[in-house]
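Engineer: In full-length UniProt numbering, the protein residues as written are 1 to 170.
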């Protein structure tokens, strides 16, 4: 029963923040209605805590532009967040760390992709804008990004400047 309650609470937390959850675990019983209200209040609080043009809720949005705002990272990693947002603090931090690692991997993969395109006879004369390369790579999973990065590392091409970072991310 204890494990089931933890899973129900986690599902409620995800649902209130409009994050993906397993529908078959969704339970609309009144048993956790007060917890659901607390979650909804914290979500509203996250939407009002602003840094630059971003709120803490942006961490759950899928957009990574909030990563450039240092104050968001400081807020998420500060000990006060556990008091301000006791329900969502750990999920915010985990989501932020995952997004930061993903963005670093995307940056490395973008450098590799551009380098490969510039050194390929067929695409050498075509300049592809960074934004297009970035958009294409954003639809790619982490394994494919890692393979792309490794393909430039293992070929007889001048090493990439961020080669050491890849090894930390993998």
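Glycine included, C-beta positions come from ideal geometry on N, C-alpha and C.
As the structure is a computational prediction, the values presented were derived from the model and not from experiment.
1. Could you have a look at residue 55 and say whether DSSP puts it in helix, strand or coil?
2. Just the Cα atoms here: how many angstroms apart are residue 150 and residue 74?
3. My guess is that residue 47 and residue 32 are in contact by the Cβ rule of under 8 Å, so how many angstroms apart are they, rounded?
4. Beta carbon of residue 152, beta carbon of residue 112: below 7 Å?
5. With DSSP collapsed to three states, give me the class of residue 50.
6. Less than 7 Å between C-beta atoms, sequence neighbours within five positions excluded: which residues of the same chain meet that for residue 128?
7. Nearest by alpha-carbon distance to residue 38: which of 104, 85, 93, 105 is it?
Structural biologist: Quick look at the numbers:
1. In the chain shown, counting from the first residue as 1, residue 55 sits at position 55. If DSSP states are grouped into helix, strand and coil, residue 55 belongs with the strands.
2. Position 150 of the chain shown, counting from 1, holds the residue named residue 150. Position 74 of the chain shown, counting from 1, holds the residue named residue 74. Approximately 32 Å, taken between the alpha carbons.
3. Here residue 47 refers to the residue found at position 47 when the chain shown is read from its first residue. Here residue 32 refers to the residue found at position 32 when the chain shown is read from its first residue. About 22 Å separates the two Cβ atoms, so there is no contact after all.
4. Taking the first residue of the chain shown as 1, we reach residue 152 at position 152. Taking the first residue of the chain shown as 1, we reach residue 112 at position 112. The answer is yes: Cβ separation under 7 Å.
5. On the chain shown, position 50 is the one that residue 50 refers to. Strand, per DSSP.
6. On the chain shown, residue 128 is found 128 positions in, with the first residue counted as 1. Cβ contact annotation for residue 128 (same chain, cutoff 7 Å, sequence separation greater than five): 117, in chain order.
7. Position 38 of the chain shown, counted from the start, is the residue given in the question as residue 38. Considering only alpha carbons, the answer is 85.
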